[in-house]
Every structure is written in structure tokens, then in C-alpha cells.
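Residue 185 in numbering that gives the first Met the number 0 sits at position 186 of the sequence shown, with consecutive numbering throughout.
Worksheet: one structure, shown below.
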Amino acid sequence: MFSPYYAWARRRGSADPLDHCAVNLALYGPRGDRWAMTERGRGSLTRDARHLQIGPSALTWSGDCLTVRVDEVTVPLPSRLRGTIRLYPEAFTGQKIVLDTAGCHHWWPVAPRARVELDLEKPALNWHGSGYFDSNAGTLPLEASFARWDWARAHLGRGAALLYNARERSGARTALALHVGADGVIEEMTPPPAAPLPGTLWRIARGTQAEAPGAPRVLRTLEDGPFYARSLLATRLMGEDVIAVHESLDLDRFRKPWVRALLPFRMPRRG
Numbered sequence: 000m001f002s003p004y005y006a007w008a009r010r011r012g013s014a015d016p017l018d019h020c021a022v023n024l025a026l027y028g029p030r031g032d033r034w035a036m037t038e039r040g041r042g043s044l045t046r047d048a049r050h051l052q053i054g055p056s057a058l059t060w061s062g063d064c065l066t067v068r069v070d071e072v073t074v075p076l077p078s079r080l081r082g083t084i085r086l087y088p089e090a091f092t093g094q095k096i097v098l099d100t101a102g103c104h105h106w107w108p109v110a111p112r113a114r115v116e117l118d119l120e121k122p123a124l125n126w127h128g129s130g131y132f133d134s135n136a137g138t139l140p141l142e143a144s145f146a147r148w149d150w151a152r153a154h155l156g157r158g159a160a161l162l163y164n165a166r167e168r169s170g171a172r173t174a175l176a177l178h179v180g181a182d183g184v185i186e187e188m189t190p191p192p193a194a195p196l197p198g199t200l201w202r203i204a205r206g207t208q209a210e211a212p213g214a215p216r217v218l219r220t221l222e223d224g225p226f227y228a229r230s231l232l233a234t235r236l237m238g239e240d241v242i243a244v245h246e247s248l249d250l251d252r253f254r255k256p257w258v259r260a261l262l263p264f265r266m267p268r269r270g
């Protein structure tokens, strides 16, 4: 959905979204960060109900496990990212949530709580811990409907907490605070009070909601780009002190031609 090639193709007329697909892997750690997101055309895509292959990488559902086999080259400094990621849902939902007043954008928190196993050959790295799996779909480009949004997710003692705060171009706002139980049942809660966060080096505004005075705190900014930021927060949600993954998306900034001109440096295209 952030492909500059897809945006340029739409400007020329009709564009096939399946001709603009990619597997994105971002790896953050003490040895340094690595990023791979190579766009490929329809000829590199095969898919059915349980399997999705894009170039040399593939995602497959088998029983209760989503297996991701990755074989990509990082940018801007080339290195190999190769290995397997396995995600085991601990809470599985069947509820899709409408994010905008026109009903054009839907979000499905498929597995708000999951167990993840990472086994990489290149670089040699093994890890296991908590994870998350969701899906977004829409009939319009995000930037046509939204000006910005903030999102956050945290594991709880039982279940997970999810926050969504979006501002549409019409001025309408969506503020969601969801509790997902271990059984996958989604319960909508009253959103906690707004809590500002410091801006990024790219001057992306960040904000969230939190229950306690003085919370939240940014523990680390994982991704700091011209229109997108990903962070780790220490905060309080649903009565618990938690570590949350947080994202801020500035779609006014994303629409600017100079931003889209930068994207091929992070998202090369093959085929």
C-alpha cells in the first residue's frame, strides 16, 4: 500500500495491485538493524487459500501455525536475510472492524496474541517470544481517506490490548480501545485519556492513550522515516503496566512527491 510504483501506475490509469507485491522483513537488534522490502510483479506471485509466494519468500498456513520462509536481500546495504518464522496464534478472532465512516477500509486483528519462533540462517539468529498478526484491506488508497493515525498493541496477563486513533480527511475521527480475551472475543472499551509522545527526527507527530499519569514513555524508536514511525512504549493499559508496540502514520507527508521519490531506496523493484 506504500508502493511508489503502484502510486505512479495509478496516475497513468488503471493499475493491477497484484503487479505490486512484496514481503517486508525488518530486523532490529544489538548487532544492527536490517530491512528488506523488494517489490515484485504478478509473474513472481502464486497464491491459494493457504499459501502465498512472492519471489523466493512464502507464507503458508499449516494446522495451527503460520510459517514464513524468507529469502531476501536487504537495502540500502545488501546482505542476505534467510530463514524461517513460525507464528502460533494464542487468540484467534473472526471479527473485521471498519476504520472509516465511508466503510472503505477494514482491519482484521487476526491473532492479537501469538507465540513466535524465529530461526534465521543469515544472519545466524534464533529467538522466541510474543507476537501479533493482523490484516488491512481497502477499496481506496489510504492517503485518499486518512490524514494520519496512531496504533498500538500490547500483551496483557490474559489476552491483548489494541488502540487505534485515526483522523480522516473529512475531519472525522476513529478512537478504538479493544480488549481481546484469550478466547479471541473482542470487547470495546472506553478509550483512555490522550497522551502525547515526543516527535521523531523526521518530525512525525506521535500520540497514544494511556491510563496512568506520566505514562507512556518511548523506550526505543525502531523505525524513523519521513512518514512512518514504529516505537516501543512503556505504558499502562487495561489496568496493567505493559510494553506496547506503537506506530504513527502521517499520510499528508506520504502524499508529498519528495517522499515518494525517496521510497525506491528502501523498496527496490524486480520484475
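We put the beta carbon where it would ideally sit given N, CA and C, even for glycine.
Since the structure is predicted, the reported quantities are computational estimates derived from the model, not experimental observations.
Beta-bridge partners of residue i, as assigned by DSSP
{"i": "Ser247", "result": "Asp149 and Ala228"}
{"i": "Ser61", "result": "Cys64"}
{"i": "Pro88", "result": "Ala113"}
{"i": "Gln52", "result": "Thr45 and Ala57"}
{"i": "Ala159", "result": "His154 and Val179"}
{"i": "Glu239", "result": "Leu236"}
{"i": "Gly206", "result": "Pro195"}
{"i": "Ala69", "result": "Note on residue identity: the sequence assigns Val, not Ala, to residue 69. DSSP, once it has assigned bridges, lists Gly82 as partnering Val69."}
{"i": "Arg269", "result": "Arg39"}
Nearest-angstrom Cα separation, counted from residue j out to residue i
{"i": "Leu155", "j": "Cys64", "result": "22 Å"}
{"i": "Ser230", "j": "Ile84", "result": "21 Å"}
{"i": "Pro29", "j": "Ser169", "result": "42 Å"}
{"i": "Ala57", "j": "Leu232", "result": "31 Å"}
{"i": "Ala214", "j": "Ala176", "result": "16 Å"}
{"i": "Pro88", "j": "Arg11", "result": "41 Å"}
{"i": "Gly238", "j": "Glu210", "result": "8 Å"}
{"i": "Ala160", "j": "Ala174", "result": "14 Å"}
{"i": "Ala14", "j": "Ala8", "result": "6 Å"}
{"i": "Pro197", "j": "Trp148", "result": "15 Å"}
{"i": "Ser129", "j": "Glu116", "result": "9 Å"}
{"i": "His104", "j": "Asp240", "result": "31 Å"}
{"i": "Glu187", "j": "His178", "result": "6 Å"}
Limits of the beta strand (DSSP E) - the one that residue i falls within
{"i": "Pro195", "result": "Ala193 to Leu196"}
{"i": "Leu26", "result": "Cys20 to Leu26"}
{"i": "Leu218", "result": "Arg216 to Asp223"}
Residue i and residue j closer than 7 Å at C-beta
{"i": "Gly62", "j": "Gly270", "result": "no"}
{"i": "Gly183", "j": "Thr45", "result": "no"}
{"i": "Ala153", "j": "Thr207", "result": "no"}
{"i": "Arg268", "j": "Glu38", "result": "yes"}
{"i": "Ala181", "j": "Gly158", "result": "yes"}
{"i": "Arg259", "j": "Pro16", "result": "no"}
For residue j and residue i, believed in contact at Cβ under 8 Å, the rounded distance
{"i": "Ala110", "j": "Ala90", "result": "6 Å"}
{"i": "Glu142", "j": "Phe264", "result": "That pair is no contact at about 20 Å."}
{"i": "Ser144", "j": "Ile203", "result": "At roughly 19 Å, the Cβ-Cβ gap does not stay under 8 Å, so Ser144 and Ile203 are not in contact."}
{"i": "Thr220", "j": "Thr199", "result": "6 Å"}
Host alpha helix (DSSP H) of residue i (start-end)
{"i": "Ser134", "result": "No alpha helix (DSSP H) contains Ser134, which is instead part of the beta strand (DSSP E) from Leu124 to Gly137."}
{"i": "Leu141", "result": "Leu141 to Ser144"}
{"i": "Arg33", "result": "It is not in any alpha helix (DSSP H) - Arg33 instead sits in the beta strand (DSSP E) that spans Arg33 to Arg39."}
{"i": "Arg9", "result": "Pro3 to Arg10"}
{"i": "Arg259", "result": "Pro256 to Leu261"}
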